[in-house]
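Everything in the sequence shown is counted per this note's numbering, starting at 5 for the first residue and increasing by one. Each residue gets a CB set at the ideal place from its N, CA and C atoms; glycine is no exception.
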Amino acid sequence: MPGFGEPPASGLAANLDALRIAASDSAFAAVAAVTTLLCLLSSILAWLTVPGQALPWPRQTGDSPD
5 MPGFGEPPAS GLAANLDALR IAASDSAFAA VAAVTTLLCL LSSILAWLTV
55 PGQALPWPRQ TGDSPD
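Listed below in structure tokens is the structure:
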């Protein structure tokens, strides 16, 4: 079984080659999911913490009647 990123040896059994490809696809999907979540978290954090930006919802003031 070749290591990560190594080209497979010639004559690799079909089931081992399919397993290698499935493992590579799963690893890529995991890295992509983690990257997506980190990007989403950073965009939310930036949106909430950057000063001077208008909020997408109206501010509540003490002057408005309830």
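query                                                                 : result
How is Thr39 classed by DSSP in three states: helix, strand or coil?  : helix
Work out the CA separation of Trp51 and Phe8 for me, nearest whole Å. : 38 Å
In this structure, does DSSP put Ala22 in helix, strand or coil?      : helix
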